[in-house]
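Chains as they are written, first to last, in the working numbering: chain A, 207 to 564; chain B, 643 to 1006; chain C, 3 to 314.
Using N, Cα and C, we set each Cβ at its ideal position, and we do this for glycine too.
All of these numbers come straight from a predicted model, not from anything done at the bench.
Below is one structure, written out as structure tokens; comments come after it.
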Amino acid sequence: MALLTRRNFIGTAAAGLALPALRRSAFAAEPLKVGFVYLGAIGDYGWTWSHEQGRKALIDALKGQVTANYVENVKEDASAIPVMKDLAEQGNKLIFTTSYGYMDQTIEVAKQFPDVKWEHCTGYKRADNVGTYNSRFYQGRAVTGSIAGAMSKTGVIGYVGSFKIPEVVMGVNAFTLAAQAVNPKITSKLVMIDTWFDPAKEAAAAETLANLGCDVIAQHVDSPAVLQVCEKRKIYGFGYGADMSRFAPKAHLTASLDLWGPYYISRAKAVLDGTWKPDDTWWGFKEGILAMAPYSKAVPDNVQAAADKMIAGWKDGSYDVFTGPISDQSGKERVPAGERMKDADLLVMDWYVKGVQS
Amino acid sequence: MRIRLEKRLTPSRFMQVATPVASVLLTMALGAIIFQLIGFDGPHAIYETFITPIVSPFKWQDVATKAAPLIIIALGLSLGNQAKIWNIGAEGQYIIGAIAGAGVAFALPDAQGFWIILLMIAAGVLGGMAWAAVPAFLKTRYRVSEVLSTLMLVYVALQVLSYLIGGPWKDPNGHNFPQTPPLTAAQQLPHAIPGTAIPPGLAVAVVLTLVFWLLTTRSVYGFSVRTVGAAPNAARYGGFDASRTVWTTLLISGGMAGLAGILEVASQLGQINLGFPSGYGFTAIIVSFLGRLNPVGVFLAGLILAVTYVGGQVAQTVVHVPNATAGIFQATMLFFILASDILVRYRVRVIRDAPRVAPAEAVA
Amino acid sequence: MLTFIIDALVTVVGVTTPILLAATGELVVEKSGVLNLGVEGMMLIGAVTGFAVALTYGDSLGDFAPWLGVLCAALAGAASSMLFAVLILTLGSNQVATGLALTIFGIGLSSLIGAGYVGAVIPPFDTLFPDSLAGDPLWRVIFGYSPLVYFALIMIFVVGWFLNRTRAGLILRAVGENDISAHSIGYPVIAIRYAAIAFGGALAGIGGSYFSMVITPMWAEQMTAGRGWIALALVVFSGWRAGRLLAGAYFFGILMTLELYAKASGFSFLPSQFWASMPYIMAVAVLAVISARGVTGSEAPACLGRPFLPSS
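So this is what it looks like as structure tokens:
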């Protein structure tokens, strides 16, 4: 019985499959092939768009040394496995899987391709050839929170989220804490819509928040729907992951920008140098993977200055929004005065700070 | 000169086999042309979508893995479809079956031995059956259309899943993400039967194809199902209870969908998250029709549809066609085969006009 | 307090309108005896077409561009429904499978066409009356909506009147109840069903354009997020009666909005999945009740889903 084992066929099949991307020069040092697995479309002006900008930055910075290709619209289910295997079989030696929902698939496929280095974004499972990376999005949330706190006239700010996962919770809390630092009486209303994608529901949630008195709304959902509602209702909002001012010129105050370029460049260099290790990277403003979009004219100068000061504080480590005293919604103190929350606690955060109405 | 459709005495066997094949070929041709017009490398895209998964051995496992649940579900659906009982809620039954099987696994986390897998599978089948029993009850007792009731229950099943994995069944070590804890090693099936690259699901699908083939062609039950569908009055005279047929076909198709669900959980990702409902229940309907409701046809059709899924991803990576194209191909194949269905039942005749005669002569 | 109520009403209307549009169209289709499961696909085709046209002609036609967009959305929806109609009416294919194929096809085609439009924006098509009325804090509850909202309300009344008070509507219902008899009396069953399907497709297309031109003026793949299936559930829930369809649509809309209000106000005692599954559970319940009681006039058209097979 012919054994259709993977080992028997990989070599012959990979050679036999005439993929145009495969190069055969055995003499010149071949460029490092890097692959990217994207959740959405590169034109979405959101999450995937920013990863795509990072990929382009990688090609620019390491011209000639790397080539990088991508697959977009990969669903977060078992069908991601063949996509990842394809990329590995096409000769990519460093592959970035850019969404939480690819975690198990990445681990699975990494076992079958031990000589490929895998990097999973926003996950927590690692292996000998799998590293994880994340961005301290909450730092940007704090900046937007301080602006929201200064600019809200009603004292009620809104937040449209998807699921109650640590990353979203951290964002809500950072946003609220920073706003409270400016206006201690501020409350934030939170609506979780329990889906990653439903623009109409995002818009309805934003309308509901506006109806209930919010005059600044932040979002942790993938489409600009919330901003469009803010524009219509003549209130303010923030972009998520990319500058979304094109969708809401008057309402868009600023946005936290995900700049993945520096990280991708550093990891590609590590593979080229041979120094790549599976790591758990959590960078922020300081390391350059987070930045703010230009402030809109509606933001007063003093508020802009305060925001810039906060960014500088994040960069030199003198500021951390999660510095105690912090109490949760029931009033219990979770972080004593003067103490900063540890990373490990942030990563499993499942409680909201006082002042969040969820 | 007119074209006339003449009903055949018996459905044409040749057409029954030729039309699915022609549908696939036509889809390939049409797809190549349209992609070329839009600006992609049309023939290359078609090659990658349809041919590459067939000729590249390392794609076979992906195709087999994808085909298994499609075939299993479609076998069950085809039986009901022969009786003109339309279960379009297979997706919901798939989900509930997976939930039932996983529930058993979570209740017995320390179990060892193969029997736990058998128990999970049994629970999966029963779960799918239970979800199909509701429409069956509604149809036999209240004459509620099973098309509508099975469909509505799909969306209820999706909410049940979302609630469980976001609440009571949430993985305590999962960083609060909506997903279940992973199944233990004893509760999982290997990706491939040891020593081969064949996914266990495909092995099950092969066996079931045989079982359904025997059932449909060699058993009285199979005959009764087909008769109820083709000639309900004759069936009643023959003593075949339509009500019983509704129950049995819905339960069988529900059970098959549930089986596919638990197999998918146990042998693929080993846990359930929001990405679990992949639409297999709906695609299986296409498989059922493409296979002409015949078990062997369904097996082949399942493979073909799996090829378009897998090939669609390859095409996306290599030719950069959008991944929506797989869906367009599948729908187009289904359109062609549904359109060509008429050729099975009718013969196309070209009639030349008879020479004009005076009405008086015609009467005489 | 009044503002609170008005705000809430405005939100409910926004949530309800697309479903009402698609369901109104499907009501006519099902009354004629055809079950078109391709609503979701037709809505998406309408959404992408309306957006693309409004975007392309936004500069040259200015304020007329969105009207043209909606018209093209209707035409696109109707055209895609013709694909379905030819298959089931002229070629006699299975309605369930063909409808599903249309949905899958519509999802894929709209994604393909829309790929080039991701990230583009158009001005929202959301006012009809002059700003003095539409922006007025009190009167906006009546005058502040998109033209599509008024169109939807007008359409459901027109359809209700047509079905129950006109001869043509009676014939359409007869075709749905007993196509063989209607055929023997001499009514053109096939032609009537073609017209009904086209109408359903047009309205589904307009309903889809509501997403891409009013609620969130942009295009994103699968942006209708399953509303087409809710529209199908609504037709069932309404017992195939126009008046109940209107009430049912707003009932669903209120449920959906209530869920968001509850969350925003801190009341999450019922999981959101409960709210989300309510339309479907209620549709099944209503189906059971009306089928069991056998109330004439509010049960499924007898020929629903069955192919038309005249013996001649």
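Would residue i count as contacting chain C if we go by Cβ distances under 8 angstroms?
| i | result |
| --- | --- |
| Q434(A) | yes |
| F931(B) | yes |
| V397(A) | yes |
| M794(B) | yes |
| Q259(A) | no |
| D813(B) | no |
| V798(B) | yes |
| D421(A) | no |
| F977(B) | yes |
| G718(B) | no |
| G745(B) | no |
Taking C-beta pairs closer than 7 angstroms, name the residues in chain C that residue i reaches, listed in chain order.
| i | result |
| --- | --- |
| Q972(B) | I106 |
| Q801(B) | Q275, A278 and S279 |
Against chain B, with Cβ distances strictly below 8 angstroms, would residue i count as a contact?
| i | result |
| --- | --- |
| I21(C) | no |
| V50(C) | no |
| I283(C) | yes |
| Y330(A) | yes |
| P288(A) | yes |
| V14(C) | no |
How would you list, in chain order, the residues of chain C whose beta-carbon sits under 9 angstroms from the beta-carbon of residue i?
| i | result |
| --- | --- |
| F682(B) | The contacting residues do not exist; F682(B) stays about 10 angstroms from chain C at best. |
| L418(A) | F6, D9, Y263, A266 and S267 |
| P484(A) | The premise fails here: P484(A) is roughly 34 angstroms from chain C at the closest Cβ pair, so nothing lies under 9 angstroms. |
Contact defined as beta carbons within less than 8 angstroms: I believe residue i pairs with residue j. What is the distance between those atoms, to the nearest angstrom?
| i | j | result |
| --- | --- | --- |
| A122(C) | M220(C) | 7 angstroms |
| V659(B) | M975(B) | Not really, about 15 angstroms apart at Cβ, beyond 8 angstroms. |
| I614(B) | T822(B) | Summary: the structure shown does not reach residue 614(B), with chain B confined to residues 643 through 1006, and so no result is reported for it. |
| P842(B) | S909(B) | 5 angstroms |
| G207(C) | S34(C) | That pair is no contact at about 18 angstroms. |
| G561(A) | Q386(A) | 6 angstroms |
| I353(A) | A513(A) | 6 angstroms |
| V559(A) | T382(A) | 6 angstroms |
Identify the contact partners of residue i in chain A, using a Cβ-Cβ distance below 8 angstroms as the criterion.
| i | result |
| --- | --- |
| L806(B) | Those do not exist, as L806(B) stays about 13 angstroms from chain A at its closest Cβ, beyond 8 angstroms. |
| V1(C) | Because chain C spans 3 through 314 in this model, residue 1(C) falls outside it and cannot be assessed. |
Report the neighbours of residue i on chain B: residues whose CB is nearer than 8 angstroms to its CB, in chain order.
| i | result |
| --- | --- |
| Y306(A) | F819 |
Counting contacts by CB-CB distance shorter than 8 angstroms, is residue i in contact with chain A?
| i | result |
| --- | --- |
| V120(C) | yes |
| D752(B) | no |
Can you name the residues of chain B whose CB is closer than 9 angstroms to the CB of residue i?
| i | result |
| --- | --- |
| A565(A) | The question about residue 565(A) has no answer here: the residues shown for chain A are numbered 207 through 564. |
Residues of chain B with CB closer than 7 angstroms to the CB of residue i, please, in chain order.
| i | result |
| --- | --- |
| N298(A) | Under the 7 angstroms cutoff, chain B gives no residues; its nearest Cβ is about 10 angstroms from N298(A). |
| K281(A) | G917 |
Mind listing the chain C neighbours of residue i? Cutoff is C-beta to C-beta under 8 angstroms, in chain order.
| i | result |
| --- | --- |
| L415(A) | A266 |
| F403(A) | A222, Q224 and A227 |
Interface residues of chain A around residue i at Cβ under 9 angstroms?
| i | result |
| --- | --- |
| F213(C) | P405 and A406 |
| A117(C) | A247 and G249 |
Using a cut-off of 7 angstroms between C-beta atoms, extract the partners of residue i located in chain A.
| i | result |
| --- | --- |
| R219(C) | Residue identity check: residue 219(C) is Pro in the sequence provided, not Arg. Chain A residues near P219(C): Q434. |
Contact list for the region 361-382 of chain A against chain B, Cβ threshold 7 angstroms = F369, K370, I371 and P372
ask   = Touching or not, the region 263-272 of chain C and the region 390-399 of chain A, by the rule of three or more beta carbon pairs under 8 angstroms?
value = Verdict: yes, contact present.
query = Got a sec: which bits of the region 761-790 of chain B sit with their beta carbon under 7 angstroms from any beta carbon on chain C, in order along the chain?
reply = L780, Y784, R785, V786, S787, V789 and L790
task = Inspect the CB distances between the region 18-29 of chain C and the region 187-204 of chain C and report whether three or more fall short of 8 angstroms.
result = Touching, yes, given that three or more Cβ pairs across the two stretches are closer than 8 angstroms.
query = Between the region 273-286 of chain C and the region 801-811 of chain B, do three or more beta carbon pairs fall short of 8 angstroms?
reply = yes
query = Counting Cβ pairs closer than 8 angstroms, one from the region 884-903 of chain B and one from the region 734-753 of chain B, do we hit at least three?
reply = Judged by Cβ distances under 8 angstroms, the region 884-903 of chain B makes contact with the region 734-753 of chain B, as three or more pairs qualify.
ask   = Within the chosen definition, does the region 365-382 of chain A reach the region 471-491 of chain A through at least 3 CB pairs nearer than 8 angstroms?
value = no
task = Pull out every residue of the region 943-973 of chain B whose Cβ sits closer than 9 angstroms to any Cβ of chain C, in chain order.
result = V963, P964, N965, A966, T967, A968, G969, I970, F971, Q972 and A973
inquiry  = If the cut-off is 7 angstroms on Cβ atoms, which residues from the region 495-521 of chain A count as contacting chain C, listed in chain order?
reply    = none
ask   = Pairing CB atoms from the region 244-255 of chain A with CB atoms from the region 286-305 of chain A, are three or more of them under 8 angstroms?
value = yes
ask   = Can we say the region 76-91 of chain C touches the region 36-55 of chain C, given the rule of at least three CB pairs closer than 8 angstroms?
value = In short, these stretches touch, since the Cβ pair count reaches three.
message = Output needed in chain order: residues of the region 534-562 of chain A with a Cβ under 7 angstroms from some Cβ in chain B.
response = L553, V554 and D556
ask   = Can you list, in chain order, the residues of the region 309-339 of chain A whose Cβ is nearer than 7 angstroms to any Cβ on chain B?
value = D310 and Y330
task = Taking a Cβ distance cut-off of 8 angstroms, strictly less, list which residues of the region 449-478 of chain A are near chain C, in chain order.
result = R452 and F453
Residues of the region 239-257 of chain A whose Cβ lies closer than 7 angstroms to any Cβ of chain C, in chain order = Listed by position, the residues of the region 239-257 of chain A near chain C (Cβ gap below 7 angstroms) are A247, G249, D250 and Y251.
Inter-stretch contact at 8 angstroms, needing at least 3 Cβ pairs: the region 864-882 of chain B / the region 739-756 of chain B = no
inquiry  = With three or more C-beta pairs closer than 8 angstroms as the rule, is the region 484-504 of chain A touching the region 326-344 of chain A?
reply    = Touching, per the Cβ criterion.
key: Inter-stretch contact at 8 angstroms, needing at least 3 Cβ pairs: the region 213-228 of chain C / the region 773-785 of chain B   = These segments do not touch.
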